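Visitor:
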Amino acid sequence: MKSKKRYAVLVALLCAALTAGGILPAYASGKTGTAAITDSDMQDEIDQAGSDLDELESELGDIKDEHNALSKDKKKAQDYLNSLTNQASKLEDQLSGIQEQIQLKEQEIADKELLIQETEKSIAEMETLLAETESAITSGQEDLDEQYDSMKLRIQYMYENSSAMAFLERLMRSDSLASLLNNIEYINQIITYDRKMTTKFEEDQQKLVDLKNSLETQKAALETNRETLIAETKELENGRKELADMNTQLASQQKEVNNKKQASASELQQYIDELARANAKIDDYEDLIRVKKEYYDELLAQKKKLEEAAAKKDAENAANDTNGSITVGDSGIDHNMTVNASEEDLLLLSAIIYCEAGGESYEGQLAVGYVIMNRVRSNLFPNTISGVVYQKNQFSPAGSGRLATVLAMEMDPDVKGVVTDSCRRAAREVIDGTSNVGDSLFFRTWKPVPQLVENLKNNNIPYQIIGNHIFYYRWIAYNKPVNPTTAPTTEAPTTPPPTEAPTPAPTAAPTTEAPTATAPPATEPTEAPSDSSAPSSSQKPSESSGQTESSSGAESLSPTDEAPSND
């Protein structure tokens, strides 16, 4: 909510600044007097906007770090929840398997109990048969004993009462053979009957004994089978009890895992909610940064327009006073000087090349770089890259703050690729390369001051036009054209403080040490192709160049004119 309020306030401020007579319309209109806004005011506003941007981007970075940490915690929570889910699934499978085993055990126990019941029933039936068989055996034995006793009595009677003699007597009294045979048959039948009955009784008795033995054997087998079934049933019941205990244990584990799942899911939802809030916060900050960036860019654009207007005015003033004569002086360049450039130097060099010639061709970018390196090697300028770049009133991007902005963006890890690769490559090449603009120490845009080209040409000053820039050598004097109402005068400029006093060169045309670049034909010079997106230029008057800002026309050749702003 707080960031949304800031966003709304910032949008309102931006709209007011752009449309309701705020600071930007004042810059654009160039107001003067007590209500006018100075360059210092604009720079302060730009610095404040840049500071706000840095603060917002820093806060956004912190929020993104928090978002990343939340994302990691969310992933851990999700992984933990997935692990619990897998664990719960495995427990569910185990429980299902154990319950199936319990059901199988219960079915086996039921089957065994049924078999035990059937076996006990068979044993009971077998005991009944045994009892009946024993009863039959007892009854048969009694009958056999009775028959045996009857036979003994009959035989005893026969012997005691001379029955045998009676049989013989009966045979002897037979009156015929047929009667004899009949009597023999009769006696034989009596004897056979007794033997048959005795044998039958003995066989029946043996059958009963055999049946009894068989029944007893079957009963013993049934009893053994019953004991086996009872033991198996007991074992099944023990197995069922173990499975039931395991089922209880797994159910407890499952309940614990489900509780953990519920807690983990709640924690995961908290991370999701926090991430959603962080995403919303990131969106709010990105909106804030976008609006602030638009405001910041608009400030830079307005400052650029002011600088362009000032540069145009300077060029128009200079164009009215560039028909004097120029004397060539010594550039003071030590071509044997070795420059050891650090990575910071290369970054600074590539950044100023980008600001001055970011939209020029690679050849034009090299030319700007070589002018800077010529100054580093010249005894008329500081002998370091940073000293040359930051020399007062020499390069407008350094004075306007644009160079500092580009360097800050280059060092910001969230902003990449501000300085183009071609500018970086040009910076490395010019450190030890061969200059494509000879000993030129100055450059500027040439179109606003076409008289400069004619002036340089007429005085045999070596120069070269590459794209939108003209590159030329140093001079030591500038002769102001004769004014019909005054006597001609010569102004001797004061050059930038050299490390050693320069040796003035003769006032003749360039010697053989001049670069290979030659002056163009007498016709109006043509512009080399350049990127349509090339930044526009602006110039500031020089203070360290030694050139005056009077109407003498020296301004058109001052060191400031070679350093247009790329803001």
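Using the working numbering, read the sequence shown as starting at 688 and increasing by one per residue.
Built from N, CA and C at the ideal position, the CB exists for glycine as well.
These numbers were taken from a predicted model, which means no experiment stands behind them.
Quick one: grab the DSSP three-state call for residue 1082.
Guide: Looking at residue 1082 - three-state DSSP - the assignment turns out to be coil, as it is neither helix nor strand.
Visitor: If you run the structure through DSSP and keep just helix, strand and coil, what is residue 754?
Guide: Residue 754: helix per DSSP, three-state reduction.
Visitor: Using the C-alpha atoms, what's the distance from residue 901 back to residue 811?
Guide: Going by the C-alpha atoms only, they are around 15 Å apart.
Visitor: Apart from the five residues just before and just after residue 1101, which ones in its own chain have a Cβ nearer than 8 Å to its Cβ?
Guide: Closer than 8 Å at Cβ, skipping near neighbours: 744 and 748.
Visitor: Quick one: what does DSSP say residue 1148 is sitting in, helix, strand or coil?
Guide: Residue 1148: coil per DSSP, three-state reduction.
Visitor: What are the boundary residues of the alpha helix (DSSP H) that residue 1121 is part of?
Guide: It is not in any alpha helix (DSSP H) - residue 1121 carries neither H nor E in the DSSP assignment.
Visitor: Taking all protein chains shown into account, decide if residue 911 is buried (16 or more other Cβ within 10 angstroms of its Cβ) or exposed.
Guide: Flag for residue 911 reads exposed.
Visitor: If I'm right that residue 774 touches residue 944 with Cβ under 8 Å, what's the distance once you round it to whole angstroms?
Guide: That pair is a contact at about 5 Å.
Visitor: For the alpha helix (DSSP H) that contains residue 1057, what are its first and last residues?
Guide: Here the alpha helix (DSSP H) through residue 1057 covers 1049-1064.
Visitor: Could you tell me which of 899, 734 and 957 sits nearest to residue 818, measuring between CA atoms?
Guide: Comparing Cα-Cα distances from residue 818 to each of 899, 734 and 957, the minimum goes to 899.
Visitor: Using a Cβ-Cβ cut-off of 8 Å (strictly less than) and excluding sequence neighbours within five positions of residue 938, which residues of its own chain qualify?
Guide: If we look at residue 938 and ignore the five residues flanking it on each side, its Cβ neighbours are 782.
Visitor: Report the three-state DSSP secondary structure of residue 1068 (helix, strand or coil).
Guide: DSSP places residue 1068 in coil when its eight states are reduced to three.
Visitor: Check whether the region 949-967 touches the region 814-832, counting contact only when three or more Cβ pairs, one atom from each stretch, lie closer than 8 Å.
Guide: No contact exists between the region 949-967 and the region 814-832.
Visitor: For residue 738, count neighbouring C-beta atoms within 10 Å of its own C-beta (all shown protein chains included) and say buried if the count is 16 or more, exposed if not.
Guide: By the 10 Å Cβ count, residue 738 comes out exposed.
Visitor: Cβ atoms of residue 1063 and residue 1055: under 7 Å apart, would you say?
Guide: Going by C-beta atoms, residue 1055 is not nearer than 7 Å to residue 1063.
Visitor: So the beta strand (DSSP E) residue 1160 belongs to, where does it begin and stop?
Guide: It is not in any beta strand (DSSP E) - residue 1160 carries neither H nor E in the DSSP assignment.
Visitor: In terms of DSSP beta bridges, what is residue 789 paired with?
Guide: According to DSSP, residue 789 bridges with nothing at all.
Visitor: In or out: residue 877 buried (at least 16 other Cβ within 10 Å) or exposed?
Guide: Exposed is the call here.
Visitor: Do you know offhand how far residue 730's Cα is from residue 1085's?
Guide: Going by the C-alpha atoms only, they are around 13 Å apart.
Visitor: Name the two residues that bound the continuous beta strand (DSSP E) containing residue 1107.
Guide: Counting along the chain, residue 1107 falls outside any beta strand (DSSP E), and DSSP gives it neither H nor E.
Visitor: Is DSSP giving residue 1184 helix, strand or coil here?
Guide: At residue 1184, the pLDDT of 35 sits below 50, so the modelled position is not reliable; the number obtained from the coordinates is stated separately. Three-state DSSP puts residue 1184 in coil, outside helix and strand.
Visitor: Output yes or no for whether 7 Å exceeds the beta carbon distance between residue 1018 and residue 1126.
Guide: Yes, these two residues count as a Cβ contact at 7 Å.
Visitor: Hey, how far is the Cα of residue 1041 from the Cα of residue 1145?
Guide: Between residue 1041 and residue 1145, the C-alpha separation is close to 32 Å.
Visitor: Are the CB atoms of residue 913 and residue 806 within a distance shorter than 7 Å?
Guide: Yes, Cβ-Cβ distance for residue 806 and residue 913 is below 7 Å.
Visitor: Among all the DSSP beta bridges, which residues are the ones paired with residue 1132?
Guide: The partner list for residue 1132 (beta bridge, DSSP) reads 1156.
Visitor: Under 7 Å, do residue 1113 and residue 1053 count as touching if we go by C-beta distance?
Guide: Taking 7 Å as the Cβ cut-off, residue 1113 and residue 1053 qualify as a contacting pair.
Visitor: Between the C-alpha atoms of residue 978 and residue 777, what's the straight-line distance to the nearest angstrom?
Guide: Their Cα atoms are separated by approximately 55 Å.
Visitor: Is it the case that the Cβ atoms of residue 1026 and residue 1130 are separated by a distance below 7 Å?
Guide: In this structure, residue 1130 does not lie closer than 7 Å to residue 1026 by Cβ.
Visitor: Report the rounded CA-to-CA distance for residue 826 versus residue 909, giving the unit in angstroms.
Guide: In a straight line, the C-alpha of residue 826 is about 27 Å away from that of residue 909.
Visitor: State the Cα-Cα distance for the pair residue 1048 and residue 758, rounded to the nearest angstrom.
Guide: Roughly 46 Å between the two C-alpha positions.
Visitor: Who are residue 1020's beta bridge partners in DSSP?
Guide: DSSP, once it has assigned bridges, lists 1065 as partnering residue 1020.
Visitor: Measure the Cβ-Cβ separation of residue 1038 and residue 1090 and say whether it is below 7 Å.
Guide: Their beta carbons are under 7 Å apart, which means residue 1038 touches residue 1090 by this criterion.
Visitor: On the CB-based measure, 16 or more other CB atoms within 10 Å of its CB, does residue 1087 come out buried or exposed?
Guide: Buried, since its Cβ has 16 or more Cβ neighbours within 10 Å.
Visitor: Nearest-angstrom Cα distance between residue 832 and residue 867?
Guide: Rounded to the nearest angstrom, the two C-alpha atoms are 34 Å apart.
Visitor: Out of curiosity, what's the CA-to-CA distance linking residue 779 and residue 941?
Guide: Rounded to whole angstroms, residue 779 to residue 941 spans 7 Å at the Cα level.
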